[in-house]
């Protein structure tokens, strides 16, 4: 079969077809780059989010971060004996039976366990809570929970609550606990003197104990006032006797 084109014409046709294919390829590449560039600018300015990018880049860790002031421990105070510390373990996560598991672990180590339950708060960090009289006990417990935070509330006595937070992984193995019973405790960084902190409200289970403590404090104050009045009266009588 004879070609309709001369060799020169055939070469010219091939060159034209190659040029057309190249034009199409370059056009597609330029269009793709333009779309990618526009999408990048839009994503950067917040006008467009790539599939899955929002969850991956901006998803917050579970739980609520706690930023309340942490109390300092008094100078030269040493760790409390484990058997003398009474702990209530509370679950602040959605993991079932976690409070019971942690309470059993602490009991095996010699701590006293007052009970377990759930906390309505859902903290990100594990919380170790005590009243002003229980700061030494709280520091002793804190050493078993890496990343935990101290919380001061207005409970009477020296009991401690441990609220398991979302970041909890395990109780520090006892051989890795950095406490020496013969050495003073070290305050956490950035702590505030307990007397300078406004305590959080203690759980309702302390209401009766708080009422009794307040009544006792009022009674003690009245007795102290009466004693001071008696001393002043006695001193005045002695002075009058001497003047005679």
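In our numbering, the protein residues as written are 1 to 244. We put the beta carbon where it would ideally sit given N, CA and C, even for glycine. Everything numeric in this text was worked out from a predicted model, so none of it was measured.
- The DSSP-derived three-state label of residue 112 is strand.
- With the rule of 3 Cβ pairs closer than 8 angstroms, the region 169–182 does not count as touching the region 122–133.
- The continuous alpha helix (DSSP H) containing residue 142 extends over residues 135–142.
- Around the beta carbon of residue 125, 16 or more other beta carbons lie within 10 angstroms, which makes this residue buried.
- Pairing residue 122 with residue 99 gives a Cβ-Cβ distance that is not under 7 angstroms.
- Within the same chain, 121, 122, 123, 124 come within 8 angstroms of residue 64 by CB-CB distance, once the 5 residues on both sides are set aside.
- Between residue 151 and residue 127, the gap from beta carbon to beta carbon is short of 7 angstroms.
- When secondary structure is reduced to three states using DSSP, residue 82 falls in the helix class.
- For residue 161, the uninterrupted beta strand (DSSP E) segment begins and ends at 160–164.
- Between residue 162 and residue 73, the C-beta gap is not smaller than 7 angstroms, which leaves the two residues out of contact.
- Beta-bridge partners of residue 200 (DSSP): 153.
- Residue 178 sits in coil when the DSSP states are folded into three classes, being neither helix nor strand.
- Classified as exposed, residue 196 has fewer than 16 neighbouring CB atoms from the shown chains inside 10 Å of its CB.
- Of the candidates 224, 86, 223, 86 places its Cα closest to the Cα of residue 160.
- Taken atom to atom, the span from the alpha-carbon of residue 215 to that of residue 221 is near 10 angstroms.
- Judged by beta-carbon spacing, residue 144 lies beyond the 7 angstroms limit of residue 110, meaning their Cβ atoms are not closer than that value.
- Residue range 127–130 is occupied by the beta strand (DSSP E) that includes residue 128.
- Cβ-Cβ separation between residue 217 and residue 210: approximately 10 angstroms, too far for a contact (criterion under 8 angstroms).
- The Cβ atoms of residue 103 and residue 113 sit closer than 7 angstroms to each other.
- Residue 166 is not a Cβ neighbour of residue 67, given a cutoff of 7 angstroms.
- Take the alpha-carbon of residue 29 and the one of residue 61: they are about 40 angstroms apart.
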